[in-house]
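Undergrad:
Residue numbers (my numbering): 977 to 1099.
(1) Evaluate residue 1006 with the Cβ neighbour count: other Cβ atoms within 10 Å of its Cβ, from every protein chain shown; 16 or more gives buried, anything less gives exposed.
(2) Which residues in the same chain as residue 1041 place their Cβ atom closer than 6 Å to its Cβ, once the five residues preceding and following it in sequence are excluded?
(3) Are residue 995 and residue 1016 touching if we call contact CB-CB under 9 Å?
(4) Which residues mark the beginning and the end of the alpha helix (DSSP H) in which residue 1080 is found?
(5) Who are the near neighbours of residue 1053 in its chain, counting only those whose CB is closer than 8 Å to its CB and skipping five residues on each side?
(6) Taking DSSP as the reference, what is the three-state secondary structure of residue 1091?
(7) Let me check understanding here. Comparing Cα to Cα, which of 1049, 1087, 1012, 1000 lies closest to residue 1031?
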């Protein structure tokens, strides 16, 4: 959990940077603040092309947030099979999928009321 006051914008920026460092694809930010009874303020969703890349994205995000913001996730789940890994920073939850798993669960549609921002990448 956060030891000091880290803004959600700072955290999101560092997470996105960590995803981009290892060429994570399909990056979206879902703003859940206007929706009642949500578990957090933001979802960040992205995908990797393999178990190896999914793990690389997860490791990159955790290392970058730890180094730059001195913060660690409250909870991490799904690392063993690396098809859908959830990194919980309390107010910001990161979902790292493999492409076919992301399509199957289609979280963006489940949270269709959320304001969605798609991050354009240059790779």
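For each residue, glycine too, the CB sits at the ideal point set by N, CA and C.
TA: Well, looking at it:
(1) Classification of residue 1006: buried, given that the 10 Å Cβ count is 16 or more.
(2) Within the same chain, residue 1041 has close Cβ partners 990, 1047.
(3) The answer is no: Cβ separation not under 9 Å.
(4) In the DSSP annotation of this structure, the continuous segment of the alpha helix (DSSP H) that includes residue 1080 starts and ends at 1075-1081.
(5) Within the same chain, residue 1053 has close Cβ partners 1061, 1062, 1064.
(6) The answer is strand: DSSP assigns residue 1091 an E or B state.
(7) The residue with the shortest Cα to Cα distance from residue 1031 is 1000.
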